[in-house]
Amino acid sequence: MTTDQAGPGDSGLASQVDTQPEQIADLYDEWARADYDADLATWNYQAPAQAAAAAVEAMADTTGKRFLDAGCGTGLVGVELKRLGAAHIIGGDFSPASAEVARQRGVYDDVVHLDLNDTLDFADDAFDAVLSIGVFSYLTDSRSTITELLRVTAPDGCIIFTQRTDLWTERDFGSLLASLVDGGACTASVSEVAPYLPGHPEFGSDIGIRYVTLHPVPNS
Numbered sequence: 000m001t002t003d004q005a006g007p008g009d010s011g012l013a014s015q016v017d018t019q020p021e022q023i024a025d026l027y028d029e030w031a032r033a034d035y036d037a038d039l040a041t042w043n044y045q046a047p048a049q050a051a052a053a054a055v056e057a058m059a060d061t062t063g064k065r066f067l068d069a070g071c072g073t074g075l076v077g078v079e080l081k082r083l084g085a086a087h088i089i090g091g092d093f094s095p096a097s098a099e100v101a102r103q104r105g106v107y108d109d110v111v112h113l114d115l116n117d118t119l120d121f122a123d124d125a126f127d128a129v130l131s132i133g134v135f136s137y138l139t140d141s142r143s144t145i146t147e148l149l150r151v152t153a154p155d156g157c158i159i160f161t162q163r164t165d166l167w168t169e170r171d172f173g174s175l176l177a178s179l180v181d182g183g184a185c186t187a188s189v190s191e192v193a194p195y196l197p198g199h200p201e202f203g204s205d206i207g208i209r210y211v212t213l214h215p216v217p218n219s
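Reminder that position 192 of the sequence shown reads as 191 in numbering that gives the first Met the number 0, one-by-one numbering, no gaps.
Laid out in structure tokens, this is it:
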């Protein structure tokens with residue numbers, strides 16, 4: 000799920016954060032088969048390009064590096080990673096139709112079913128960089144998800160994810176990140192507020208996003 004909305008159309012999207020996972024998958028299946036990419040382009044969605052650039056910059060050299068696009072949606076992040084030189088990318092999503100669109104782009108080594116509410120079927124330290132862009136609004140146990148992403152990220156790797164500004168406050172993400180850092184799990188840096196969907200009537204300039212970059216602490 001590459002963005003935090005829950006289906007086609009211009010209204011009611013911002014409030015879908017409490018939708019059940021099965022309903023989310025159904026809604027994204029419908030949207031992926033319709034106008035998902037075109038809608039996001041109309042709304043000037045820049046997060047995939049911004050996050051991919053940040054991840055590649057953090058790697059310095061992408062040779063042999065392993066990327067996970069966690070919640071890949073239709074593959075917009077994967078396209079940007081590939082354009083910037085990433086050669087080994089795994090995508091995963093909860094929506095079968097979205098995953099199939101991503102698979103057809105030909106930029107991923109593999110696209111798998113991925114439920115970020117559950118334990119991931121990857122070994123420890125499996126990836127050098129993990130990106131989860133526009134996904135965290137639907138993850139109600141963010142601490143567990145972040146802990147799992149840290150597990151599958153190599154000690155010298157990074158995790159980049161986004162969270163909406165309204166949910167950042169509502170879910171007290173500042174305190175969550177502080178507790179992870181204080182507990183020795185990772186280091187964290189948080190961007191200034193950036194545009195999210197400036198062309199969308201519900202989001203516009205009212206709801207932005209923050210980019211979070213985490214670096215696992217070895218032996219944490």
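Don't be surprised by glycine CBs; every beta carbon is placed ideally from N, CA and C.
So what does residue i bridge to, in DSSP terms?
{"i": "Gln162", "result": "Arg209"}
{"i": "Pro215", "result": "Cys185"}
{"i": "Arg32", "result": "Its beta-bridge partners do not exist; DSSP assigns none."}
{"i": "Ala23", "result": "Note on identity: in this sequence residue 23 is Ile, with Ala being the wrong assignment. The partner list for Ile23 (beta bridge, DSSP) is empty, contrary to what the question assumes."}
{"i": "Val110", "result": "Gly90"}
{"i": "Ala128", "result": "Phe66, Cys157"}
{"i": "Ala122", "result": "Answer by DSSP bridge pairing: none, since Ala122 is not bridged."}
Over what stretch of residues does the beta strand (DSSP E) that includes residue i continue unbroken?
{"i": "Val189", "result": "185-189"}
{"i": "Ser136", "result": "Careful: Ser136 lies outside any beta strand (DSSP E) and carries neither H nor E."}
{"i": "Leu67", "result": "65-69"}
Would residue i pass as a contact of residue j if the rule is Cβ separation under 8 Å?
{"i": "Leu130", "j": "Ala69", "result": "yes"}
{"i": "Thr161", "j": "Ala46", "result": "yes"}
{"i": "Ile159", "j": "Tyr210", "result": "yes"}
{"i": "Gly91", "j": "Val106", "result": "no"}
{"i": "Gly207", "j": "Ala187", "result": "no"}
{"i": "Leu224", "j": "Val151", "result": "Outside the modelled stretch of the chain, which goes from 0 to 219, sits residue 224, for which no answer is possible."}
{"i": "Ala128", "j": "Lys64", "result": "yes"}
{"i": "Ala40", "j": "Thr61", "result": "no"}
{"i": "Phe126", "j": "Ala153", "result": "yes"}
{"i": "Ala101", "j": "Thr144", "result": "no"}
{"i": "Asn43", "j": "Gly182", "result": "no"}
{"i": "Asp120", "j": "Ile89", "result": "no"}
{"i": "Leu83", "j": "Ala52", "result": "yes"}
{"i": "Trp157", "j": "Ala59", "result": "Here residue 157 turns out to be Cys, not Trp, going by the sequence shown. Taking 8 Å as the Cβ cut-off, Cys157 and Ala59 do not qualify as a contacting pair."}
State the start and end residues of the unbroken alpha helix (DSSP H) segment that holds residue i.
{"i": "Ile145", "result": "141-150"}
{"i": "Gly90", "result": "Premise fails: Gly90 lies in the beta strand (DSSP E), 87-92, not in any alpha helix (DSSP H)."}
{"i": "Ala52", "result": "46-58"}
{"i": "Ser97", "result": "95-103"}
{"i": "Gly77", "result": "75-82"}
Between the options, which lies nearest to residue i when the distance is taken from Cα to Cα?
{"i": "Leu148", "options": "Cys185, Thr164, Thr62, Asp171", "result": "Cys185"}
{"i": "Glu191", "options": "Pro154, Asp127, Arg163, Leu39", "result": "Arg163"}
{"i": "Ser136", "options": "Val100, Leu115, Gly156, Ala125", "result": "Leu115"}
{"i": "Arg104", "options": "Val78, Ala125, His87", "result": "Val78"}
{"i": "Gln263", "options": "Ile132, Asp38, Pro215, Val100", "result": "With the chain running from 0 to 219 in the structure shown, residue 263 is simply not present."}
{"i": "Leu213", "options": "Asp155, Leu119, Ser204", "result": "Asp155"}
{"i": "Val238", "options": "Glu56, Arg142, Ala24, Glu169", "result": "There is no way to answer for residue 238, as the model of the chain reaches only from 0 to 219."}
Say whether the region 85-97 touches the region 20-31, bearing in mind that this needs 3 or more beta-carbon pairs closer than 8 Å, one atom from each stretch.
-> yes
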